[in-house]
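Per our numbering, the very first residue in the sequence shown carries number 9; after that it's consecutive.
Cβ coordinates follow ideal geometry from the N, Cα and C atoms, glycine included.
All values reported here derive from a predicted model rather than from experimental measurement.
Have a look at the structure below before the remarks.
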Amino acid sequence: FNIGRNHPTIQKAIQDVLELDLPNMVQMDCSVLSGLLAEALVKKLGPSRDACFLCNSGTEAVEGALKFARASTKRPKILAQEGSYHGLSYGALSITHSGNFREDFGPFLPGADFVKFGDLEDLEKKLRAKDVAAFIFEPVQGKGVKYPSDDYFPAAQELCRKYGTLFIADEVQTAMGRTGKWFGFQHWNLDPDIVTMAKALSGGYVPCAAIVMRRPIYQGIFSRLDRCVAHSTTFGRNNLAMACGLASLHVTENEHLVENAALRGEQLMSRLRDLQEKHDVISEVRGKGLMIAIEFKEPRSLKLKLAWKAIHAMDKGLFPQMIVTPLLQKHRILTQVAAHNSDIVKILPPLIIGEKEIDRFVTAFDDVLSDLGKFPGPLWDFGQNLVKAALSQKKISSEPVAA
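Here it is in structure tokens:
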């Protein structure tokens, strides 16, 4: 989480709200705290986006955004990018590209489709029929930490305007400073019609998410009195969540975490690129702010090359596990494999980190990569065990299930 674990400001906000003993989750009520959070988010994202719907999770925010888009445009289709991840409920999964997440869950939402990543011609071809309600994108893709060339998003926005398609920024992973800007779309000076956010808004305590949009889009659903609950959520304006959201905004602003993310991100990527000169297995270091990917490639050493190919013959995603596991077990540093079937380790440190934490991570990462350079060695033995486990699981999953 952006502000670390158990931040005292978030704890105090929760305690204060509990002590106030306010009415909570009254379905026909706009509580004071929900009004304050909506006002704060609109202020951050305004002035053109002046309406807010509060909910519980990133997936729920995406689902709501799709409903708002269809209701306001009266169009059936939704476009997303190849490589996208927008959530795992049916609507969000329909615009999530990875086959690993989609396997066995079809058929999906009618009208959901994908465009080639960073391909403006493909986007325009699918917009021309003027039946696309929205094009939804992650400013930086969560699976793989990918973003297109700098000219892509501004041009995509213009195409959406030209064909009457809403432009939705899914900021569930990137909002509130993660990329070194308050919102990821600000790297390209974009003006999306709808913005979704979650994760960091929770402060690490209570689920909290939001959809911020232009008022005419909001009124596409809430157009009449009898439509006042056409889209609703029981827990979405929970006072504890609202307090966490307000406190998270306060901490991010007052502790200058957006600026710190930009500064520390540059420092960390610079140090990692220095390691790239030392370890030829590193293919690329990329990212924005403190949303960073380290991608790997086949090593030059013949021994290591053979071991690498043996691991990849089973599953391309196993090699990064040989890095993230010792980082956790030996160095107590939590990282993650960025996506299925990829050679990418993803780093999402809290925005409160300083030089000391960067030094610790780089030293640990260097140590793990040095161990990887030893074949035979314990890490490659671990890799072989991963292959055996994967083969065993594959055998089990291929066996028929008794009716």
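Problem set entry | Beta-carbon spacing of L41, L254 below 8 Å | As a first step, residue 41 must be located in the sequence shown, where it is residue number 33. As a first step, residue 254 must be located in the sequence shown, where it is residue number 246. Taking 8 Å as the Cβ cut-off, L41 and L254 qualify as a contacting pair.
Exercise. Near K85, which residues of its chain fall below 7 Å by C-beta distance, leaving aside the five closest residues on each side in sequence?
Worked result: Looking up residue 85 in the sequence shown gives position 77. Correct list, in chain order: G119, D121, D139, V140, A141.
For this session: Please work out which residues of its chain come closer than 6 Å, Cβ to Cβ, to V220, disregarding the five sequence neighbours upstream and downstream, and give them in chain order.
Result: Locating residue 220 in the sequence shown gives position 212, counting from the first residue. Excluding sequence neighbours, V220 sits near L49, L53, R57, C60, V203.
Exercise. Any chance the stretch 280-294 sits against the stretch 188-208, with 3 or more Cβ pairs inside 8 Å?
Worked result: no
Problem set entry | Local Cβ density within 10 Å of L336, reported as buried at 16 or more and exposed below that | The count along the sequence shown starts at 1 and reaches residue 336 at position 328. Burial call: exposed.
Exercise. On the three-pair Cβ rule with 8 Å, is the stretch 67-87 touching the stretch 209-228?
Worked result: yes
Exercise. With a Cβ-Cβ cutoff of 8 Å, do G244 and C38 count as a contact?
Worked result: To locate residue 244, count along the sequence shown from 1; it is residue 236. To locate residue 38, count along the sequence shown from 1; it is residue 30. No; because the gap between Cβ atoms is not below 8 Å, this pair is not in contact.
Exercise. Between the Cα of L174 and the Cα atoms of D159, L135, H195, which residue gives the shortest distance?
Worked result: As a working note, residue 174 is residue 166 in the sequence shown. Nearest of D159, L135, H195 to L174, Cα basis: L135.
Exercise. What residue range is occupied by the uninterrupted alpha helix (DSSP H) comprising R281?
Worked result: Reading the sequence shown from its first residue, position 273 is the one you call residue 281. Taken as a continuous stretch (DSSP letters only), the alpha helix (DSSP H) holding R281 covers 265-286.
Exercise. What's the C-alpha gap between P115 and H15?
Worked result: The residue given as residue 115 occupies position 107 in the sequence shown. The residue given as residue 15 occupies position 7 in the sequence shown. Each residue's Cα considered, the two are about 43 Å apart.
For this session: Kindly identify the DSSP beta-bridge partner or partners of A218.
Result: Here residue 218 corresponds to residue number 210 of the sequence shown, with the count starting at 1. Looking at the DSSP assignment, A218 forms a beta bridge with L62, M205.
Problem set entry | Spatial neighbours of F109 in its chain, beta-carbon cut-off 7 Å, leaving aside the 5 residues before and after | Here the question's residue 109 lines up with position 101 in the sequence shown. Correct list, in chain order: L96, L101.
Exercise. Hey, how far is the Cα of I341 from the Cα of V214?
Worked result: As a first step, residue 341 must be located in the sequence shown, where it is residue number 333. As a first step, residue 214 must be located in the sequence shown, where it is residue number 206. I341 and V214: Cα-Cα distance of roughly 24 Å.
For this session: Identify the continuous alpha helix (DSSP H) that holds A251 and give its terminal residues.
Result: Counting from 1 along the sequence shown, the entry for residue 251 is found at position 243. Start and end: 247-262.
Exercise. Quick one: Cα of G172 to Cα of I360, how far?
Worked result: As a first step, residue 172 must be located in the sequence shown, where it is residue number 164. As a first step, residue 360 must be located in the sequence shown, where it is residue number 352. Straight-line Cα distance between these residues: approximately 41 Å.
Exercise. On the three-state DSSP scale, how would you describe L30?
Worked result: Taking the sequence shown and counting its residues from 1, one reaches residue 30 at position 22. Reduced to three states, the DSSP call for L30 is coil.
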